[in-house]
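Visitor: Numbering (full-length UniProt numbering), first residue to last: 1 to 262. All C-beta atoms, glycine included, are put in the ideal place defined by N, C-alpha and C. The structure displayed is predicted, hence computed values, not measured ones. Got a structure for you, questions after.
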């Protein structure tokens with residue numbers, strides 16, 4: 001399977017501009033024969049939690065999501081995009097949606113670990129485990145940004161059968177170790193390919209680290225972006241690991257530890 005990751009610089013609340021950048025990335029990914037294009041967290045609206053809470057309506061989200069589904073169908077490429085959830089602004093979360101090359105929604109996931117006070121004030125956390133769906137013969141899981149920094153989230157996707165975990169993100173400058181150390185560790189410990197799509201440059205006064213990565217299931221970084229906007233590609237496959245940690249898990253034992261005195 002060929003994955004494409006778009007790393008870009010959005011403008012907060014400039015939907016036409018951001019959608020145009022996403023369309024250009026979709027064209028490039030399709031021309032590069034990618035099966036799936038993964039895009040950054042909240043890219044279509046720009047990463048601006050406070051402004052999103054104040055100004056982005058449910059109707060805005062509906063129009064944006066329909067535009068992105070149409071984009072996938074128009075360019076014949078499966079697409080992972082992140083938007084504010086639908087519905088009342090006080091109740092919605094940050095979502096990631098996976099659509100196929102016909103623009104049909106295969107699954108949506110709501111971010112469970114919100115980062116910082118601005119996200120916590122603007123969104124509600126999701127309560128369900130990572131969504132895992134079948135696509136082109138593999139099992140594809142969804143997570144978002146801060147989620148992947150918790151081993152439990154990637155492990156939950158893995159035990160639900162995910163071969164690949166697709167992660168829209170919005171990580172700030174100075175946190176390159178998340179891309180370069182933590183994400184490869186998650187891939188290795190779960191025998192799972194991970195694609196991690198970040199923003200680039202400065203948006204709404206916030207500087208991003210770039211450094212998007214695609215990591216093979218053995219923890220090897222097979223594609224890495226720099227600091228600038230780009231579309232990168234990698235061919236990956238689901239395969240059995242030499243040491244399959246998932247078959248050695250002892251969930252009953254771990255659960256018993258929580259009852260022990262500290």
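Give a yes or no on whether the C-beta atoms belonging to residue 167 and residue 140 are separated by under 8 Å.
Guide: Here residue 167 refers to the residue found at position 167 of the chain shown. Here residue 140 refers to the residue found at position 140 of the chain shown. No, they are not a contact pair.
Visitor: One question on the structure: do residue 200 and residue 7 come within less than 8 Å of each other, judged by their Cβ atoms?
Guide: Sequence index remark: in the chain shown, residue 200 carries index 200 (1-based). Sequence index remark: in the chain shown, residue 7 carries index 7 (1-based). Cβ distance < 8 Å, so residue 200 and residue 7 count as in contact.
Visitor: Nearest to residue 75 by CA position, among 36, 227, 245, is which residue?
Guide: Counting from 1 along the chain shown, the entry for residue 75 is found at position 75. Nearest option by C-alpha distance: 36.
Visitor: Need the endpoints of the beta strand (DSSP E) that residue 84 sits in, please.
Guide: Taking the first residue of the chain shown as 1, we reach residue 84 at position 84. 78-84 is the span of the beta strand (DSSP E), which, as asked, contains residue 84.
Visitor: Can you list, in chain order, the stretches of the beta strand (DSSP E) that have 3 or more residues and sit fully within the stretch 228-256?
Guide: Segments of the beta strand (DSSP E) lying fully in the stretch 228-256: 230-235.
Visitor: Taking residue 138 and residue 53 to be in contact with their CB atoms under 8 Å, please state how far apart those CB atoms are, rounded to whole angstroms.
Guide: Along the chain shown, read from residue 1 onward, the residue named residue 138 stands at position 138. Along the chain shown, read from residue 1 onward, the residue named residue 53 stands at position 53. Not a contact, Cβ separation roughly 36 Å.
Visitor: Along the chain, where does the beta strand (DSSP E) containing residue 168 start, and where does it finish?
Guide: Counting from 1 along the chain shown, the entry for residue 168 is found at position 168. That run of the beta strand (DSSP E) goes 164-168.
Visitor: Quick test of your reading: residue 170 and residue 198, contact by CB under 8 Å. State the CB separation rounded to the nearest angstrom.
Guide: On the chain shown, position 170 is the one that residue 170 refers to. On the chain shown, position 198 is the one that residue 198 refers to. Contact holds; Cβ gap of about 7 Å.
Visitor: So residue 228 and residue 3 are supposed to be a Cβ contact under 8 Å. How far apart are they, rounded?
Guide: For the purposes of this step, residue 228 is taken as the residue at position 228 of the chain shown. For the purposes of this step, residue 3 is taken as the residue at position 3 of the chain shown. With a Cβ gap of about 20 Å, residue 228 and residue 3 do not count as contacting.
Visitor: So, are the CB atoms of residue 178 and residue 194 less than 8 Å apart?
Guide: As a working note, residue 178 is residue 178 in the chain shown. As a working note, residue 194 is residue 194 in the chain shown. Against a cut-off of 8 Å, the Cβ pair of residue 194 and residue 178 comes out as no contact.
Visitor: CB residue 42 to CB residue 83, shorter than 8 Å?
Guide: By one-based count along the chain shown, residue 42 stands at place 42. By one-based count along the chain shown, residue 83 stands at place 83. The answer is yes: Cβ separation under 8 Å.
Visitor: Note the first and the last residue of the continuous beta strand (DSSP E) segment covering residue 153.
Guide: Here residue 153 refers to the residue found at position 153 when the chain shown is read from its first residue. No beta strand (DSSP E) holds residue 153; the alpha helix (DSSP H) holding it covers 151-159.
Visitor: Could you tell me the distance, in whole angstroms, from the CA atom of residue 26 to the CA atom of residue 18?
Guide: The residue you call residue 26 lines up with position 26 of the chain shown. The residue you call residue 18 lines up with position 18 of the chain shown. Looking at the two C-alpha atoms, the distance is approximately 12 Å.
Visitor: Output the boundary residues of the beta strand (DSSP E) element that contains residue 133.
Guide: Along the chain shown, one-based indexing puts residue 133 at 133. Residue 133 -> beta strand (DSSP E) spans 132-135.
Visitor: Given a threshold of 16 other Cβ atoms within 10 Å of its Cβ, counted over all protein chains shown, does residue 59 qualify as buried or as exposed?
Guide: Within the chain shown, numbered from 1, the residue matching residue 59 stands at position 59. With fewer than 16 other Cβ atoms within 10 Å, it is exposed.
Visitor: Can you give me the Cβ contacts of residue 38 inside the same chain, cut-off strictly under 6 Å, excluding the 5 residues immediately before and after it?
Guide: Residue mapping note: residue 38 aligns to position 38 of the chain shown, counting from 1. Excluding residues within five positions, the ones whose Cβ falls inside 6 Å are 5, 80, 166, 195, 197.
Visitor: Can you grab the Cα-Cα spacing for the pair residue 88 / residue 241, in whole Å?
Guide: The count along the chain shown starts at 1 and reaches residue 88 at position 88. The count along the chain shown starts at 1 and reaches residue 241 at position 241. If I take the Cα positions, the gap works out to 44 Å.
Visitor: Confirm, please, whether the CB-CB distance from residue 188 to residue 161 is below 8 Å.
Guide: Numbered from its first residue, the chain shown carries residue 161 at position 161. Numbered from its first residue, the chain shown carries residue 188 at position 188. No, the pair does not count as a contact, with Cβ atoms beyond the cut-off.
Visitor: Using DSSP bridges, identify the partner residues of residue 120.
Guide: Taking the chain shown and counting its residues from 1, the one referred to as residue 120 is at position 120. Per DSSP, none; premise fails for residue 120.
Visitor: Would you call residue 261 buried or exposed, if buried means 16 or more other Cβ atoms sit within 10 Å of its Cβ?
Guide: For the purposes of this step, residue 261 is taken as the residue at position 261 of the chain shown. Answer is exposed; the Cβ neighbour count stays below 16.
Visitor: Which word fits residue 99, buried or exposed, when buried means at least 16 other C-beta atoms lie within 10 angstroms of its C-beta?
Guide: Within the chain shown, the letter at position 99 stands for residue 99. Buried.
Visitor: One question on the structure: do residue 122 and residue 49 come within less than 8 Å of each other, judged by their Cβ atoms?
Guide: Here residue 122 refers to the residue found at position 122 of the chain shown. Here residue 49 refers to the residue found at position 49 of the chain shown. Closer than 8 Å, so yes.
Visitor: Hey, quick one: how far does the beta strand (DSSP E) through residue 64 stretch, first residue to last?
Guide: The residue given as residue 64 occupies position 64 in the chain shown. Careful: residue 64 lies outside any beta strand (DSSP E), inside the alpha helix (DSSP H) at 58-75.
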